[in-house]
Amino acid sequence: MYENVELMTAIITPFNAAGDVDYPALDKLVTRLLAEGTQGFIVAGTTGESPTLTNAEKVALFQYFATHTRDKALVIANVGSNNTAESVALAKAASAINGVDGLLAVTPYYNKPSQAGMIAHFTAIADASAVPVMLYNIPGRTVVRLTNESVLKLAQHPNINAVKQCTSNEDIAYLTAYKPDDFTVFTGEDTEMLGAVRAGAAGVISVASHFFGKQMLQCLAAEKAGDTARADELMSWLTPKMNALFACPSPAPTKMFLAQRGETRADVRLPLIELNADEQAEILQILEAE
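Numbering (the numbering used here), first residue to last: 1184 to 1473.
As structure tokens, this is what we get:
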């Protein structure tokens, strides 16, 4: 499923002036990202403001992507939460949509389950889904962390085929060394992209690809061709821009820059807020630098 997939975009959810999902803006954004090389979309993920989307909005987004990007890019629908029953119900609904290729599910936040509890949680989601599931291991946001041993145990499940790993490149190296052949490891950290690929990751699930997908693919191509100096040069250019997109709570900087370019509105849903003038100026100076 993920053969030759190196760059997927964790895409924003644009909103219109009424606060609803702005599908015309989404059309234009998706068209551009496909032209720039995005090979898959994580839909209604963290960058897509999943905590403030209703399940009805999520399902509508899944249906949109399944229709509009079918055969052009992978569609990975985020169904994870810290409520297993709710995640299972959304997994059933999302995986029933023709054109949804896979699901993403995050480690259960706030209620801090044990490793055994998280294994049971992901197993329930995978058992309920009609398409393969990608684990999302991001302790910086969820507080809990799947150990490498837990990831590898879950990798044995016939319907769990990947992980979006946001820990360390040492973990990525361990996972790629011991994983089953049909299990794929991605980094979810833009700034770790090159190091993660050198550690064995297949590629990156990215926010920066909203703007810098071409350069990211050039970096990965240089690395694959053995031109490590060029890969390092491109990564050095990319890194401050990637960091700038997380200088304030994401996806506010991404939406601000899209708005500056005339592609979407900057609106985010509370408890996120738009950037103030000073924040905008500081971030734009980095993002627009040659």
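Even glycine gets a Cβ: it sits at the ideal position worked out from N, Cα and C.
Fair warning: this is a prediction, and the values are worked out from it, not measured in the lab.
In the three-state reduction of the DSSP assignment, Q1401 falls in the helix class. The Cβ-Cβ distance between G1263 and G1396 does not fall below 8 Å. In this structure V1326 is exposed. Its beta-carbon is surrounded by fewer than 16 other beta-carbon atoms within 10 angstroms.
With a 10 Å radius around the Cβ and a threshold of 16 neighbouring Cβ atoms, Y1185 comes out buried.
At the C-beta level, A1274 and S1333 stay beyond 8 Å of one another. Straight across, the Cα-Cα distance linking A1379 with K1438 is about 26 Å. Bounds of the alpha helix (DSSP H) holding M1418 are T1411 to A1427. Contact annotation: V1390 and F1369 have beta-carbon atoms that are not nearer than 8 Å. In the three-state reduction of the DSSP assignment, Q1463 falls in the helix class, which pools H, G and I. The Cβ-Cβ distance between Y1357 and N1331 falls below 8 Å. At a Cβ-Cβ threshold of 8 Å, V1188 and A1408 do not count as neighbours. Contiguous alpha helix (DSSP H) elements confined to the region 1350-1396 occur at 1352-1361 and 1376-1381, taking only those with 4 or more residues. Around the Cβ of I1259, a 10 Å sphere holds 16 or more other Cβ atoms; the residue is buried. Excluding residues up to 5 positions away in sequence, L1335 lie with their Cβ nearer than 7 Å to the Cβ of Y1361 in the same chain. Scanning the region 1294-1332 for uninterrupted alpha helix (DSSP H) segments of 4 residues or longer gives 1298-1311 and 1322-1325, listed from N- to C-terminal end.
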